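Residue numbers (our numbering): 347 to 444.
Ideal Cβ placement from N, Cα and C applies to all residues, glycine included.
Just so you know, these numbers come straight off a predicted model, no measurement behind them.
Structure first, then comments.
Structure follows, in structure tokens:
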């Protein structure tokens, strides 16, 4: 299936591409070859194979959401760079003015 220059220009417009006449002439045989390859793939496609969205049979691989005990507050605060009054201490980023 050979594409005409007008068909290449139409595809270029759909893709929002500005092509020169020289580019259209160079791309026409390349796009025709790509379409021929796609047509060959369509001819070879197996009729007895069920369509898939993914090549591997994956199921939900996430674990169930089960509550777990958290670390003791003392251990977490001991690992913090700065803690004060049972909280993380962080530098002030907002001034008290205004």
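Margin query: Given a cut-off of 8 Å on the beta-carbon distance, is the pair residue 377 and residue 354 in contact?
Written below: Along the chain shown, read from residue 1 onward, the residue named residue 377 stands at position 31. Along the chain shown, read from residue 1 onward, the residue named residue 354 stands at position 8. In this structure, residue 354 lies closer than 8 Å to residue 377 by Cβ.
Next item on the list: Kindly indicate which residue of 381, 371, 360, 416 has the alpha-carbon position closest to the one of residue 347.
Entry: Position 1 of the chain shown, counting from 1, holds the residue named residue 347. Per the Cα distances, 381.
Check: Should residue 404 be labelled buried (16 or more other beta-carbon atoms within 10 Å of its own) or exposed?
Finding: Against the chain shown, residue 404 aligns to sequence position 58. Counting the other Cβ atoms within 10 Å of the Cβ of residue 404 gives fewer than 16, which makes it exposed.
Notebook entry, point to check: Between residue 390 and residue 373, what straight-line distance do the alpha-carbon atoms span, to the nearest angstrom?
Noted result: Translated into the one-based positions of the chain shown, residue 390 becomes position 44. Translated into the one-based positions of the chain shown, residue 373 becomes position 27. In a straight line, the C-alpha of residue 390 is about 26 Å away from that of residue 373.
Note to self: DSSP three-state label for residue 433, please.
What the structure shows: Here residue 433 corresponds to residue number 87 of the chain shown, with the count starting at 1. Residue 433 falls in the strand class under three-state DSSP.
Note to self: Just checking: is the beta-carbon of residue 430 within a distance shorter than 8 Å of some beta-carbon in chain B?
What the structure shows: Although the question refers to chain B, the structure presented lacks it and comprises just one protein chain.
Checklist line | CB of residue 349 within 8 Å of CB of residue 358, strictly | finding: Counted from its first residue, the chain shown places residue 349 at position 3. Counted from its first residue, the chain shown places residue 358 at position 12. In this structure, the beta-carbon distance from residue 349 to residue 358 does not fall below 8 Å.
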